[in-house]
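Just so we're aligned: the sequence shown equals residues 1 to 452 in the numbering used here. Data block below; observations after.
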Amino acid sequence: MEKGRFEKKDQHRIDDRRRWCLGFSNKSRLALLNHDKNELTQHLAETEKLVQKARQDMDSISQRKILWGKIQSYRWDDINAPCWQEKFAKLQSDLKELEQSGSDLDEAKSRWESAKSQLAEIQTILKQLISDEGGCKTSLKNAKGEYTKAQSEASKGLLDSIRELLAARVGTLTINEAGRMSQLMQKVEKDLDHLLENWRSRQNKAVNASIGIMSSFRSHDKWHIYAADWQCDIGSLPDYLEHLRQLENEGLPGLVEQFIERLNKHATQSLARIKTKLDSDREDILERIDIINRVLKRTEFKQGSHLKLGSKMEKYPHVHEFEQHLRKVLSQVTSDDHEARFQQLEKVVQILEKASAPGTSSNQESLRLLDPRYQMSFYAEERDTNTEEVRDVLQSSSGKSGGEKESFAGTIVAASLAYVLTPDGCDRPVYCTVFLDEAFSNTAEAVSRRVL
């Protein structure tokens, strides 16, 4: 084809839009092709339905052809129903006549049924007898073997000691138990294995306990000098037992019991004094608070009111635990179980050692344990001077105004001075020179006047 020329393509119809190529868009052509595709798909589905129906018709025709072929192979005598029905009726009539009561056939049938039943019973009995015969032969064979074996074993003889042990373990056997010899042997062996296992378990426990005791003895600083060359195995047990025997001969265990008893007695008395001292300190604090309250009652806090100090015991877990152990020790003072008393006493001593150690004696936990002042919290009640009615409860000066804080602090200063200047057994302070710094001069005149 020459350059600039195109061949004429007239193989398709000119009005077939599917062949048109116009511009740069083929949407219309694509729509026509999709439409043709849908029509062809629908036509294909209809054609498949027609093919399926044609196949079904073909199968039906084939079945009919097979049936016609079978019908063609039948003979007339095979399908002559009236003739066969007539013959069947005649045979039934003849059978009924033969089966009538009292006829020879009926009697023969009864004898035949009876003979058949007897034959079945005889065959069952015969099978059972054959089975029993086989069992008896087997038992006889086993018995002969056991007899030969027992005779061979008995010919060897037994020692008197072994015979006594067997008699104690097994007992006397009768001839009727000879057939259960293997079962008896299995039972005896099982019992012996169980007994042996129990003794092994007890032995292992005893060995482990012995090794634990030896290790504890050897690791103790006080006894390391004795056990320095000893081992911690069961082979070294005689060394430890010899040492124990020497201690028992010297009477040391009795001295240990006596020492523990005296230690429990004196330590319990010391703990009782500690408890008495703590209780006395608490009572002393409460008595001092009563003295301060008598002073505060004479010191006006506000117009027509005064302060009254109160206290309550705080609940700290470690203090509660210590008091429980202490009460338990003191409750066992009359007990004869010195070991239990010693163990309980050891717990209390450990707590006291920790609380009184130089490194921990000044921390909050130790102070709360040994100083009743740290076990208590204090508060102040503002009470009406005439009716003693509680107007307010002061846990601290937080949340109060400047004037209230000033009055509160001044009242505490006045009560403190009065408490210090009041001799024992008196309810009024004595005269004394008191130096106050300039902070006291900054208070309000009314507050200063009440305080002084």
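Using N, Cα and C, we set each Cβ at its ideal position, and we do this for glycine too.
Have a look at Thr41 and Glu48 and give me their C-alpha separation to the nearest angstrom.
11 Å
Report the three-state DSSP secondary structure of Asp59 (helix, strand or coil).
helix
Going by the DSSP bridge assignment, what does Leu307 pair with across the sheet?
Glu382
Quick one: grab the DSSP three-state call for Val430.
coil
Taking only three categories from DSSP, how would you classify Leu394?
strand
What residues match up with Ser377 in a beta bridge as DSSP calls it?
Lys312
Taking the alpha carbon of Leu30 as the reference point, which residue from Glu39, Leu326, Arg18 has its own alpha carbon closest?
Arg18
Range of the contiguous alpha helix (DSSP H) that encloses Asp160
160–169
Leu237 beta carbon less than 9 Å from that of Met214:
yes
Identify the residues that DSSP records as bridge partners of Lys70: which are they?
DSSP output for Lys70 lists no bridge partner at all.
Could you please give me the residues that DSSP links to Lys302 through a beta bridge?
Ser305
Mind the definition here: the segment 298–312 touches the segment 406–414 only if three or more C-beta pairs lie below 8 Å; say whether that holds.
yes
In three-state terms, what does DSSP make of Trp456?
No information on residue 456 is available, as it lies outside the stretch 1 to 452 that the chain covers here.
Could you please give the first and the last residue of the uninterrupted alpha helix (DSSP H) stretch that includes Ile79?
76–79
Assess contact between the segment 343–359 and the segment 279–291, defined as three or more Cβ pairs (one per stretch) separated by less than 8 Å. Is contact present?
no
On a CA-only basis, which of Arg383, Lys315, Ser331 is nearest Arg294? Give me that one, please.
Arg383
Could you tell me the alpha carbon to alpha carbon distance between Glu283 and Val447, rounded to whole angstroms?
33 Å
Status (buried if at least 16 other CB within 10 Å, exposed otherwise) for Val51
exposed
Alpha carbon to alpha carbon, how far is Trp199 from Lys141? Give it in angstroms, no decimals.
41 Å
Quick one: Cα of Ile14 to Cα of Leu44, how far?
28 Å
Can you find the residues in the same chain that come closer than 8 Å, C-beta to C-beta, to Ser216, ignoring five residues on each side of it along the sequence?
none
If you run the structure through DSSP and keep just helix, strand and coil, what is Glu339?
helix
Could you compute how far the alpha carbon of Tyr379 sits from the alpha carbon of Gln269?
36 Å
Counted within 10 angstroms of its Cβ, other Cβ atoms place Leu271 as buried (16 or more) or exposed:
buried
Rounded straight-line distance, which links the Cα of Ser28 to that of His35:
11 Å
One question on the structure: do Asp371 and Asp281 come within less than 9 Å of each other, judged by their Cβ atoms?
yes
Helix, strand or coil: how does DSSP classify Trp199 here?
helix
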